[in-house]
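Numbering (the UniProt record's numbering), first residue to last: 25 to 471.
Written out below as C-alpha cells is the structure these notes cover.
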Ligand code: GLN
C-alpha cells in the first residue's frame, strides 16, 4: 500500500499511469504473502512493478496510449507478463506512453503528456515516459518498457534512471502491441543496473509464439556485475561527439569515460560512419512496418468503432480517423507511401540497404572494442511543447539511439550526471550481440 498511496498522491501531477486498480493489486499482494507463508517465495515474490501499457495483461485495459484501444481489456497475457507473474511480481498499474510507442517526448498519448519528476516543465522522454517517470519518482521500484528506436534508453536518460534494451530476439514480442516488428524489443527500467539485471532474468527467454524469439540457454544477467574493468576496451564513436551535441551532455559523458579509465578501461577511437543515415533509414522502415501492423485496427475485430457510418468503407474511415492521433496518422501515411508501387525501390529498399551498412559499421567497430560509449540524446530533457510542433526536430533528437535498433544490438542508459539546469543525463552503453552482462558490468560501476 505504500506504493499505491504514493501513486495516489503524486500521479495527478506526473500522469505516469493510465490505469491503477488498487483492489486488484492488493489481491495480488495477498496472494504473494500467502505464497511466502507457504514457503513458495522466489527472490522477487511480492516485489511491486509497473507494466508499460503496450504489454497485454489479462483483465487489464491495454490501451497502448491510444483512443483506438481505450475500450480494450486484454483477454490474455504477453510472454513478459506471464514470466513476471510466475516470478511473483505484483502489478501496481499500467504506465502511460506515446500512442503506439511513437514519440520521443511522451506528448503523443491519448491520455495526456507525462511530466518529468525532476522538473515538471520538462518532458520525461518517450515513448516509455510513464515507466521512466514512475521509477524516477519512486512510484515503483521497476517497470517494463519497450525500445523500437530508443524508447527505453532515452526516457531512462531524461529521468535519471537505468534502462536496458536487450539484443533483438532476447525478450519475446508475444503480446506486446506491435509498432515496427523488426525493431521492437522489450526490456526493464529500474533505479540500478543490478535491478535491471534481475528483471531481465525474468523477462528474457525463448518463446515459440514469437517467430523472432531466440532459442538460447537462459543466462544470469547479474553474473558479471562486479567484474573488474581492467583491460576493457571502450570505443568512443567520433560521430557521436560531433556537431549537435550539447556541451553539458558532452562534459558528463567525458567525465564518465574518465572514471572508467581510472578503473583500468582502455579508450579506443572508433568510427560509425553511417550514423547520420540512421534517421532517414529508421523513419522509412519504422513507419513502413507500422503502416502494416496498424491495419488491424479496422473497427471490426477489437477496439474503437465509429458510432455512425453508411457502409463498410465509411466505417473503416471514420473509425481510423477518430481512433488514431496525429503522429500515428503521419506514420501510417509515410509508411504507406514508401511501400507503394513506384516508390518502394527509392525509399524502402534503399533504407534496408542503409540498415545493412549501419550493422556493418558496428561489426567493424566491435573488432576494436568490447563496448561502445556515448550520449543517449543530444540534449537533456527539453521543455514540454518545445518540439511538439515540429516532427523533424523531434526525429533528429533520436540520432544516437536509432542505429542500435537497426543493427539489433543491445543498448542501455545509466545515470551519469546533470546538465546546468539540473536535468539528468544518461551515459549510453552499446554492447555487441548478447553483450548484456558486460554492459551491466560497466553500468554497475556508476552505482
Ligand atoms: N522516437 C522513436 C519513434 O518515435 C522511437 C520510439 C520507440 O523506441 N518506441 O519512433
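Glycine included, each C-beta is placed from N, C-alpha and C at the ideal position.
Every value quoted in this text rests on a predicted model; they were computed, and no experiment measured them.
Check, Outcome
"For residue 359 and residue 343, believed in contact at Cβ under 8 Å, the rounded distance", "In fact, because the Cβ distance is near 18 Å, the residues do not count as touching under 8 Å."
"Residue 126 CB to nearest heavy atom of the ligand GLN below 6 Å", "yes"
"Neighbourhood of residue 72 by C-beta, 7 Å cutoff - its chain only, sequence neighbours within 5 removed", "27, 114, 116, 164, 165"
"Check whether residue 160 and residue 179 have beta carbons under 7 Å apart", "no"
"Nearest-angstrom beta carbon gap, residue 467 and residue 217 [assumed within contact, 8 Å]", "4 Å"
"The ligand GLN heavy atom lying under 6 Å from the CB of residue 172", "yes"
"One or two residues paired with residue 73 in a DSSP bridge", "115, 166"
"Closest residue to residue 390 among 455, 425, 427, 345 (Cα-Cα distance)", "455"
"beta-carbon residue 205 near the ligand GLN non-hydrogen atom, thresh 6 Å", "no"
"Distance cut-off 6 Å: residue 422 Cβ against heavy atoms of the ligand GLN", "yes"
"Residue 129 beta carbon near the ligand GLN (any heavy atom closer than 6 Å)", "no"
"Nearest neighbour of residue 480, chosen from 387, 386, 202 [CA to CA]", "Not covered by the structure: residue 480. The range shown for the chain is 25 to 471."
"Within-7 Å CB hit, residue 381 to chain D", "The structure shown contains no chain D, having only a single protein chain."
"Own chain residues within Cβ distance below 7 Å of residue 385, not counting five before or after", "296, 297, 298"
"Cα-Cα separation between residue 263 and residue 462, rounded to whole angstroms", "23 Å"
"Beta strand (DSSP E) segment containing residue 437, residue limits", "435-442"
"Chain-order list of residues whose beta-carbon lies under 8 Å from that of residue 447 (same chain, five-residue window excluded)", "140, 142, 143, 146, 182, 404, 405"
"Residue 432 versus 365, 64, 347, 191, residue with shortest Cα-Cα distance", "191"
"Residue 180: CB within 6 Å of a non-hydrogen atom of the ligand GLN", "no"
"Exposed unless 16 or more other CB atoms sit within 10 angstroms - verdict on residue 411", "buried"
"Where the beta strand (DSSP E) through residue 185 begins and ends", "First-last for residue 185: undefined, no H or E at that position."
"Best match in 204, 393, 133 for proximity to residue 290 [C-alpha to C-alpha]", "393"
"Residue interval of the beta strand (DSSP E) (run including residue 56)", "Counting along the chain, residue 56 falls outside any beta strand (DSSP E), though it belongs to the alpha helix (DSSP H) covering 46-61."
"Contact belief for residue 79 with residue 154 at Cβ below 8 Å, rounded distance in angstroms", "In fact, because the Cβ distance is near 12 Å, the residues do not count as touching under 8 Å."
"heavy atom of the ligand GLN below 6 Å from residue 310 C-beta", "yes"
"Length-filtered (4 minimum) alpha helix (DSSP H) runs lying within the segment 267-306", "271-286"
"Where the beta strand (DSSP E) containing residue 257 begins and where it ends", "257-261"
"Proximity below 7 Å, CB of residue 419 to CB of residue 303", "yes"
"Same chain, Cβ closer than 6 Å to residue 2, five either side skipped, listed in chain order", "The structure shown has nothing for residue 2, since the chain only spans 25 to 471."
"Per-residue burial, residue 469 [other beta carbons within 10 Å of its own, 16 or more giving buried]", "buried"
"Segment contact, 8 Å Cβ cut-off, at least three pairs: the segment 223-238 with the segment 103-112", "yes"
"Assigned exposure category for residue 261 - 16 Cβ within 10 Å defines buried", "buried"
"First and last residue of the uninterrupted beta strand (DSSP E) at residue 214", "210-214"
"Counterpart residues of residue 465 in DSSP-defined beta bridges", "DSSP output for residue 465 lists no bridge partner at all."
"Helix, strand or coil at residue 385 [DSSP, three-state]", "helix"
"Under 7 Å between C-beta atoms of residue 195 and residue 227", "yes"
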